[in-house]
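Asks: Numbering (this note's numbering), first residue to last: 1 to 365.
Sharing a structure with you now.
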Ligand SMILES: Cc1cc2nc3c(=O)[nH]c(=O)nc-3n(C[C@H](O)[C@H](O)[C@H](O)COP(=O)(O)O)c2cc1C
């Protein structure tokens, strides 16, 4: 029976297990360039034993960053810094672990403070910048009002995703994931809440999803050696917002454009959202999308117990589970999962003398 530790093939990549690390911004880059924090963090994630490590939202242009500290792949310096951190991470990672960058543009949610600086839009004395989006609609009152991208700028943005994918490939990533979720630029185009355009890039779903689909095609062409995935906010959780039925159409179009997996998240595009958050609260969205596509589907969101993760896979509700905060709290979460589920997990030989401990903790718990 397929379980959390069964290998899985995603596009061109063979993953040793079905545990992914969810992309998580570290707000610790220097003009988009990975720093020693990233070197440590990516190395740590590589040692975790997860089959798939999706490093943080990686912005394709400077103005696409959420904050001054966000990671990017828009310059030679960014590419060199990512390569340095990745070489170290891959050198120590468990055999078979693959690394991906989540390519993104924050659009109208750019020019914000780091979370530990209070989040929200940068103030005039904090070096803010003009944000852009599908339409000139701010995320919320008191947020920056974005400028609607012209068609020429949209085409340029697609090229920036392609260029960042080329950089990702040269830096040594194994895959890239398009960030079509959480109210960032691709989601801003897909959702009717934030896209009020009347040209070919707005209106019916086919037009609203055009940017995401064109980005997927451009990335596929620019970096043929990389596996390509996508993360979607499958629903906005707001009346009149994006629905799961629409997202299935987006997922199908992305599959046709060469995307090899879909990660199913939700929300992030409106302060009016009402999300019934709780353990596994988005898994039903993955399950729904999975019924309509032929590529692997990844579930995410408050999946932090090994048996919970294993059940999702065993019940066929998703093909991969992504773990976020639980891995920050316990970077060896996959070891614990292996102990709880009775699997042998290969660990770095330097750590072998500790590998038996989680099994004892699981028995004691
Ligand atoms: C510190 C932090 C940073 C995050 N950054 C990103 C990101 O860069 N891209 C993204 O798609 N989601 C991001 N997320 C959302 C996570 O990927 C994940 O979907 C969310 O935390 C729910 O999973 P969890 O309950 O396992 O943490 C972030 C979450 C946290 C806690």
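We put the beta carbon where it would ideally sit given N, CA and C, even for glycine.
(1) Would you call the CB atoms of residue 293 and residue 251 closer than 8 angstroms?
(2) Where do the N-terminal and C-terminal ends of the alpha helix (DSSP H) with residue 43 fall, by residue?
(3) Measuring only the C-alpha atoms, how far is residue 129 from residue 270?
(4) Whole angstroms is fine: what's the gap from residue 21's alpha carbon to residue 322's?
(5) With a 10 Å radius around its C-beta and 16 neighbouring C-beta atoms as the bar for buried, classify residue 326 as buried or exposed.
(6) How many Å lie between residue 183 and residue 360 at the Cα?
(7) Just to confirm, does residue 236 get its C-beta within under 7 angstroms of one of the non-hydrogen atoms of ligand 1?
(8) Regarding residue 325 and ligand 1, is the C-beta to nearest heavy atom distance less than 7 angstroms?
(9) With DSSP run on the structure shown, which of helix, strand or coil describes residue 178?
(10) Go ahead and pull the three-state DSSP assignment for residue 17.
(11) Look at the alpha carbon of residue 113 and the alpha carbon of residue 162, and state the distance between them as a whole number of angstroms.
(12) I want to check one thing, is the minimum distance from the CB of residue 25 to the heavy atoms of ligand 1 below 7 angstroms?
(13) Specify the secondary structure class of residue 56 as computed by DSSP and reduced to three states.
(14) Look up residue 229 in the DSSP assignment and say whether it is helix, strand or coil.
(15) Which same chain residues, not among the five before or five after residue 38, have their C-beta less than 6 angstroms away from its C-beta?
(16) List the whole-angstrom C-beta distance separating residue 103 from residue 29, where the pair is believed to meet the contact cut-off of C-beta under 8 angstroms.
(17) Taking a contact to mean a Cβ-Cβ separation below 8 angstroms, would you say residue 176 touches residue 137 in this structure?
(18) Please find out if some non-hydrogen atom of ligand 1 comes closer than 7 angstroms to the beta-carbon of residue 267.
(19) With a Cβ-Cβ cutoff of 8 angstroms, do residue 265 and residue 236 count as a contact?
(20) So, are the CB atoms of residue 298 and residue 309 less than 8 angstroms apart?
(21) Does the count of Cβ pairs from the segment 50–62 and the segment 95–109 closer than 8 angstroms reach three?
(22) Using beta-carbon positions only, say whether residue 290 and residue 172 come within less than 8 angstroms of one another.
(23) What is the C-beta distance between residue 343 and residue 40, in whole angstroms, given that I count them as a contact (C-beta under 8 angstroms)?
(24) Comparing the CB of residue 212 with every heavy atom of ligand 1, is any distance shorter than 7 angstroms?
(25) Consult DSSP for residue 9 and reduce its assignment to one of helix, strand or coil.
(26) Is residue 181 closer than 8 angstroms to residue 213 when the C-beta atoms are compared?
(27) In the segment 153–222, which residue ranges form an unbroken alpha helix (DSSP H) of at least 4 residues, counting only runs that do not cross its ends?
Replies: Inspection of the coordinates gives the following:
(1) Your numbering for residue 293 matches position 293 in the chain shown. Your numbering for residue 251 matches position 251 in the chain shown. Against a cut-off of 8 angstroms, the Cβ pair of residue 251 and residue 293 comes out as a contact.
(2) By one-based count along the chain shown, residue 43 stands at place 43. Counting along the chain, the alpha helix (DSSP H) containing residue 43 begins and ends at 36–47.
(3) For the purposes of this step, residue 129 is identified with residue 129 of the chain shown, where counting begins at 1. For the purposes of this step, residue 270 is identified with residue 270 of the chain shown, where counting begins at 1. About 21 angstroms.
(4) Counted from its first residue, the chain shown places residue 21 at position 21. Counted from its first residue, the chain shown places residue 322 at position 322. Using only the alpha carbons, I get a separation of about 5 angstroms.
(5) Counting from one through the chain shown, the residue named residue 326 turns up at place 326. That one is buried.
(6) Here residue 183 is taken as the residue at index 183 of the chain shown, counted from 1. Here residue 360 is taken as the residue at index 360 of the chain shown, counted from 1. Approximately 42 angstroms between the Cα atoms of the pair.
(7) Taking the first residue of the chain shown as 1, we reach residue 236 at position 236. No, ligand 1 has no heavy atom inside 7 angstroms of this Cβ.
(8) Residue numbering aside, residue 325 sits at position 325 when the chain shown is read from its first letter. Because some heavy atom of ligand 1 lies under 7 angstroms away, the Cβ of residue 325 counts as near it: yes.
(9) The residue labelled residue 178 in the question sits at position 178 within the chain shown. Strand at residue 178.
(10) Translated into the one-based positions of the chain shown, residue 17 becomes position 17. It is coil, neither helix nor strand.
(11) Taking the first residue of the chain shown as 1, we reach residue 113 at position 113. Taking the first residue of the chain shown as 1, we reach residue 162 at position 162. Cα to Cα, the separation comes out at about 27 angstroms.
(12) On the chain shown, residue 25 is found 25 positions in, with the first residue counted as 1. The answer is yes for residue 25.
(13) In the chain shown, the residue the question calls residue 56 occupies position 56. In the structure shown, residue 56 sits in a strand (DSSP, three-state: E or B).
(14) In the chain shown, the residue the question calls residue 229 occupies position 229. Residue 229: strand per DSSP, three-state reduction.
(15) Translated into positions along the chain shown, residue 38 becomes position 38. For residue 38, where only same-chain residues beyond five positions count, the Cβ hits under 6 angstroms are 85.
(16) For the purposes of this step, residue 103 is taken as the residue at position 103 of the chain shown. For the purposes of this step, residue 29 is taken as the residue at position 29 of the chain shown. Incorrect: roughly 15 angstroms between the Cβ atoms, too far for contact.
(17) Walking along the chain shown from the start, residue 176 turns up at place 176. Walking along the chain shown from the start, residue 137 turns up at place 137. No, the pair does not count as a contact, with Cβ atoms beyond the cut-off.
(18) On the chain shown, position 267 is the one that residue 267 refers to. No, the Cβ of residue 267 stays beyond 7 angstroms of every heavy atom of ligand 1.
(19) Position 265 of the chain shown, counting from 1, holds the residue named residue 265. Position 236 of the chain shown, counting from 1, holds the residue named residue 236. Against a cut-off of 8 angstroms, the Cβ pair of residue 236 and residue 265 comes out as no contact.
(20) Counting from one through the chain shown, the residue named residue 298 turns up at place 298. Counting from one through the chain shown, the residue named residue 309 turns up at place 309. Against a cut-off of 8 angstroms, the Cβ pair of residue 309 and residue 298 comes out as no contact.
(21) yes
(22) Taking the chain shown and counting its residues from 1, one reaches residue 290 at position 290. Taking the chain shown and counting its residues from 1, one reaches residue 172 at position 172. Taking 8 angstroms as the Cβ cut-off, residue 290 and residue 172 do not qualify as a contacting pair.
(23) Within the chain shown, numbered from 1, the residue matching residue 343 stands at position 343. Within the chain shown, numbered from 1, the residue matching residue 40 stands at position 40. No, residue 343 and residue 40 are not in contact; Cβ-Cβ is about 27 angstroms, not under 8 angstroms.
(24) As a working note, residue 212 is residue 212 in the chain shown. No; taking the cut-off as 7 angstroms, the Cβ of residue 212 has no heavy atom of ligand 1 nearer than that.
(25) Stepping through the chain shown from its first residue, residue 9 is reached at position 9. Residue state, collapsed to three classes: strand.
(26) Your numbering for residue 213 matches position 213 in the chain shown. Your numbering for residue 181 matches position 181 in the chain shown. Going by C-beta atoms, residue 213 is not nearer than 8 angstroms to residue 181.
(27) 185–190, 205–208, 210–222
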